[in-house]
Amino acid sequence: MGLIRVIFVVGAVLALVPPLIWWERRLLSWMQDRIGPNRSGTITFPDNFPLKGLAGKKVRTFGLIQPLLDGVKLFFKEDITPSDVDRKLYFIAPAIALFPAFALGATLPWGPTTGLYGILTPIADVEIGVLYVLAISSLGAYGLVLAGYASNNKYSLMGGLRASAQLISYELAMAMSVAAIVMAVGSMKLTNVVAIQEGPLWGAVPWAQNWFILTPFGFISAVIFLIALVAETNRAPFDLPEAENELIAGYHTEYSSMKFAVFFMGEYAAMFVFSGVFATLFLGGYNILPVNWMALHEATGAGIFKFLSNANYWLAPLVFLGKCFAGITFFIWLRATLPRLRYDQLMNLGWKSLLPSASPTLSSSDSGSSAPNSTESLADGPPQSEPWSSATSST
Amino acid sequence: MSQTFIPSTETVFEKTGENTMIVNMGPQHPSTHGVLRVICELEGETIVRCKCVIGYLHTGMEKEAEYQTYHKCVVMTDRMDYLNANGNNLAHALAVEKLIGCEVPKRGQYLRVILAELSRIASHCVWLGTGALDLGAMTPFFYIMQQREMILDMFEMFSGVRMMPSWIVPGGLRGDIPPGLETKLRKFLVEFPKELKVIEDLLVDNPIWKERTQDVGILSGAEALALGCSGPIARASGVPFDLRKAKPYSSYEDFDFEIPVGSVGDVYDRFLVRIAEMKESCRILEQAINGLPEGPYNTLDRKIAPPPRQELDNSMESVIHHFKLYTEGFRAPAGEAYAGIEGSKGELGFYVIGDGSNRPYRWHERPSSFMNLKSLEVLSVGRMIADVIAIIGSIDIVLGEIDR
Chain A
22 MGLIRVIFVV GAVLALVPPL IWWERRLLSW MQDRIGPNRS GTITFPDNFP
72 LKGLAGKKVR TFGLIQPLLD GVKLFFKEDI TPSDVDRKLY FIAPAIALFP
122 AFALGATLPW GPTTGLYGIL TPIADVEIGV LYVLAISSLG AYGLVLAGYA
172 SNNKYSLMGG LRASAQLISY ELAMAMSVAA IVMAVGSMKL TNVVAIQEGP
222 LWGAVPWAQN WFILTPFGFI SAVIFLIALV AETNRAPFDL PEAENELIAG
272 YHTEYSSMKF AVFFMGEYAA MFVFSGVFAT LFLGGYNILP VNWMALHEAT
322 GAGIFKFLSN ANYWLAPLVF LGKCFAGITF FIWLRATLPR LRYDQLMNLG
372 WKSLLPSASP TLSSSDSGSS APNSTESLAD GPPQSEPWSS ATSST
Chain B
-17 MSQTFIPSTE TVFEKTGENT MIVNMGPQHP STHGVLRVIC ELEGETIVRC
33 KCVIGYLHTG MEKEAEYQTY HKCVVMTDRM DYLNANGNNL AHALAVEKLI
83 GCEVPKRGQY LRVILAELSR IASHCVWLGT GALDLGAMTP FFYIMQQREM
133 ILDMFEMFSG VRMMPSWIVP GGLRGDIPPG LETKLRKFLV EFPKELKVIE
183 DLLVDNPIWK ERTQDVGILS GAEALALGCS GPIARASGVP FDLRKAKPYS
233 SYEDFDFEIP VGSVGDVYDR FLVRIAEMKE SCRILEQAIN GLPEGPYNTL
283 DRKIAPPPRQ ELDNSMESVI HHFKLYTEGF RAPAGEAYAG IEGSKGELGF
333 YVIGDGSNRP YRWHERPSSF MNLKSLEVLS VGRMIADVIA IIGSIDIVLG
383 EIDR
């Protein structure tokens, strides 16, 4: 069973990388008034094709297989290992860069834990989920740092240095913003984080869900977390470690062929998984809208709400995927809009703006941890009471 | 013994500090705008000193010109500053005309202004796109390149060539304004400011853009003059020097336009000055196309400019002129002449020495970006790598012109 789960998460994340690359390239093209890759995968069926409906027809796939072809190309490229590299680290760095995405993806609840989906979700319901997310996500930077160090190239080295500086600057703000969530939930389990968000909004509106992005402290945390996320995934405007206009290609300057492709996949897999983390922590996980359909059903007796409640259950994985894609779309949008920050400005932003603004969220939500019924009641299943409301009422 | 001279990084300079690192940027680097090589001594990411190494695009055009007739030199000027080809054509034509004492009719002068100003906008478009790209803002590049495409289309209507029109020649132009150009130009003058506004909205008040460019690479007016900087760089530093106003050529005195001047002299000011300059160029273009005089566009001296095609059918003398001009060219008197214009990157001049033959004895360009590039070594000190990229972008260099 464990093996199936592992194969499932690795397969899912890997399978989602090519569509992501396609989506980035196409969306970026549209934002920039270009067409983007749209030719590959166009199949012209011969006139004598057995299936009459397809004979002589052109079937377009809008360039969807372009990333796969790129992958094939990279696979067949010569794998150059420059002389004087630190061979062990040089080989292991891409793997380290790719690993966190898979390790993180395993903990995300992509569907309700009850019923059919309960068999596979979450792949691993880690007791210290949030902590695990923070810990594993920082590991990704090691891949970059080691690649920069091992490559024996000055540009790579600077890329690696920038990666480590960036990591330190943003990890703290990220942790602070998440700490607020952990305190409000009273548990670190990601399934509990989602379950809490299914409770009534602000503890007062029973038919709406208490998505953390809708709460005042949660909103600030969400903004900070999102900015830190962009830095964590090395995306524009924080793509300093690879800053192509300054450092050629930064930490992966000396990488070619599949090793480069692994870095590339790692970046996209990380984008996807981190969007999932954001969705889980702030956007109510796999729930389609912040509405408590069953509560509405009980209040009004209308059958439509029961149907929607069922739809919410069955569509959960798709909704979760949709939220991940929304997150990635946001990343791409940023990339199309913003110039890159400078190294010192990035650290200024991290230390002087994000960290101080993350601290108040901590104090505004810390009363949540003192809620008597938080951890115990959450140990087995969805919440029976509303910790957020009890937290606010106890203060 | 033949040996190619490619200076190694170490021979250019040695480390001065203990904890410094020498980094060689270029000639193969994404943002040195061609084959500029900058060798930097870094302390961490801070530049201690840096040095530009040029010459990787040296083609010997100035020497080559000594073996070409004055007309044939024109095509080489295109390839110097290939982004501002018409400006180079114009400077060459003015210098040669000064040497031979030739006056171009008003219509020709106005058409030259139209070509030169279009070229200036096209050149600034490339600067804006690549300069933004250097700082990580991808999108303006694609937006502004579409506008440049419209200008290149107009050049194509003129000459059939998009980047190297060679349309301005000593004695006038190679041809009159092509049919349909006026409508296209007017359409461009309506659309371009709108597109420019989009890019301004993306960048001018963008906090990241401001942070990256403001107070970076500050050049004072006195320093700019001492370094021989001209054009938008000097003007951004507060030196209101523009040859179009200071020493009008080609009827620039007829047009009403402002010279945008900056106050701080940082990268951001250079950005604003160039943006404003594009708008002023649009104003000049509008006045030029509205007030385009009737009459000949070429000098009537048949020894310098070829006769119109229809004359060849019924005038033997015209055939002879035509033949002589296209085989031997015209002879310039012995003497020297310098003519400078306000190119897109600064004062762009040609210095021609004639020896009575049909070829220049010496032909030399004052390349504006060569002079401006020298400021890089001053501006980079104490800045970070990312700033050097921003400064190179703001100086707006074209290596074809620097190396020639």
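Heads up: the sequence lines are chains A and B, in that order.
If you read the first sequence in the numbering used here, its first letter stands for residue 22, the second for the next number, and so on.
If you read the second sequence in the numbering used here, its first letter stands for residue -17, the second for the next number, and so on.
Glycine included, each C-beta is placed from N, C-alpha and C at the ideal position.
- Contiguous beta strand (DSSP E) elements confined to the stretch 342 to 378 of chain B occur at 342 to 348, taking only those with 3 or more residues.
- Judged by DSSP in its simplified three-state form, B/LYS306 adopts helix.
- When rounded, the separation of the alpha-carbon atoms in B/ILE21 and B/VAL198 is 19 angstroms.
- Taking C-beta atoms as the reference points, A/GLY306 and A/PRO143 fail to come closer than 8 angstroms.
- Ranking A/ALA357, A/GLY23 and A/VAL312 by CA distance to the CA of A/ALA127 puts A/GLY23 first.
- Contact check for A/SER50 against A/ILE42 fails: the beta carbons are separated by 8 angstroms or more.
- B/GLU318 and B/CYS32 have their C-alpha atoms roughly 37 angstroms apart.
- Beta-bridge analysis with DSSP links A/VAL312 to A/ALA229.
- For B/MET7, the uninterrupted beta strand (DSSP E) run begins and ends at 3 to 7, by DSSP.
- Here B/LEU110 is near B/PRO122, since their CB atoms are less than 8 angstroms apart.
- In summary, no residue of the stretch 147 to 181 of chain B has a CB separated from any CB of chain A by less than 8 angstroms.
- Using a C-beta cut-off of 8 angstroms, the stretch 148 to 158 of chain B makes contact with the stretch 273 to 287 of chain B, since at least three inter-stretch Cβ pairs fall below that distance.
- What A/MET286 touches in chain B, judged by beta-carbon distance under 7 angstroms, is nothing: the nearest beta carbon there is about 22 angstroms away.
- Residue-level contact by beta carbon holds for A/ALA357 and chain B, with a gap shorter than 8 angstroms.
- Per DSSP, the beta-bridge partners of B/PHE332 are B/ALA321 and B/GLU347.
- A distance of 8 angstroms or more separates the beta carbons of A/GLN366 and A/PRO262.
- Taking C-alpha positions only, A/PHE295 is separated from A/VAL154 by approximately 9 angstroms.
- Taking A/ILE149 as reference, the option from A/GLY181, A/LEU125 and A/ASP107 with the minimal CA-CA separation is A/LEU125.
- The CB of B/GLU27 comes closer than 7 angstroms to the CB of MET179 and TYR364 in chain A, given here in chain order.
- Taking 8 angstroms as the cut-off, the Cβ atoms of B/ALA98 and B/LEU81 do not count as close.
- When DSSP states are grouped into helix, strand and coil, B/CYS55 belongs to the helix group.
- Per DSSP, reduced to three states, the secondary structure at A/LYS79 is strand.
- Going by beta carbons, A/TYR289 and A/ALA168 fall outside the 8 angstroms limit.
- The closest CA to that of B/ASN188, considering only B/GLY213, B/PRO214, B/ASP224 and B/ALA114, is found on B/ALA114.
- B/LEU361 and B/GLU138 have their alpha carbons spaced roughly 39 angstroms apart.
- Annotation: Cβ neighbours of A/MET52 in chain B (cutoff 8 angstroms, chain order): THR121.
- Taking all protein chains in view, the Cβ of B/THR112 is crowded by 16 or more other Cβ atoms within 10 Å, so the residue is classified as buried.
- By the neighbour-count definition (other C-beta atoms within 10 Å, threshold 16), B/ARG217 is a buried residue.
- When Cβ-Cβ separations below 8 angstroms define contact, B/VAL380 makes no contact with chain A.
- In summary, the residues of the stretch 123 to 149 of chain B whose CB is separated from some CB of chain A by less than 7 angstroms are PHE124, TYR125 and GLN128, in the order they occur in the chain.
- For B/LEU254, no Cβ of chain A is located within less than 8 angstroms of the residue's own Cβ.
- Along the stretch 191 to 209 of chain B, the positions whose C-beta sits under 7 angstroms from a C-beta of chain A are TRP191, GLU193 and ARG194, read in chain order.
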